Amino acid sequence: MAVTLDVGEVFMDVVHKYPDLTIHLTLFHATIREDIPQKLEHNNIRWITVDEIDQYAFCPADVEILRRLKDVR
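Counting from 28, one number per residue, gives the positions in the sequence shown under this note's numbering.
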């Protein structure tokens with residue numbers, strides 16, 4: 028996203044197993060310190076609210092993360 032962040036504590040860790048791949052995601056609390064987010068690897072980026080999460084398609088590995096975001100709002 029090409030931004031400078033102030034990174035805080037770990038929000039959560041997720042391990043997701045696909046048939047041919049296991050991924051480990053570590054999420055942190057963070058604040059954008061400077062710059063404007065850019066779409067470097069995806070076709071689109073946008074800020075959404077927790078209430079809007081169900082309007083979008085996410086990867087299976089994201090399901091646990093999204094559930095946690097809904098729980099802590």
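The beta carbon of each residue, even a glycine, is placed where N, CA and C say it ideally should be.
Please read all numbers here as calculations on a predicted model, not as lab measurements.
Closest in alpha carbon position to residue 72, among 52, 84, 99, is 84.
The segment 35-52 makes no contact with the segment 72-82, as fewer than three CB pairs between them are under 8 Å. A distance below 8 Å between beta-carbons, with the five flanking residues on each side excluded, links residue 67 to the following residues of its chain, in chain order: 28, 29. Counting only runs of 3+ residues, the beta strand (DSSP E) found wholly inside the segment 48-73 occupies 48-61, in chain order. Closest by C-alpha distance to residue 99, out of 39, 70, 35, is 39.
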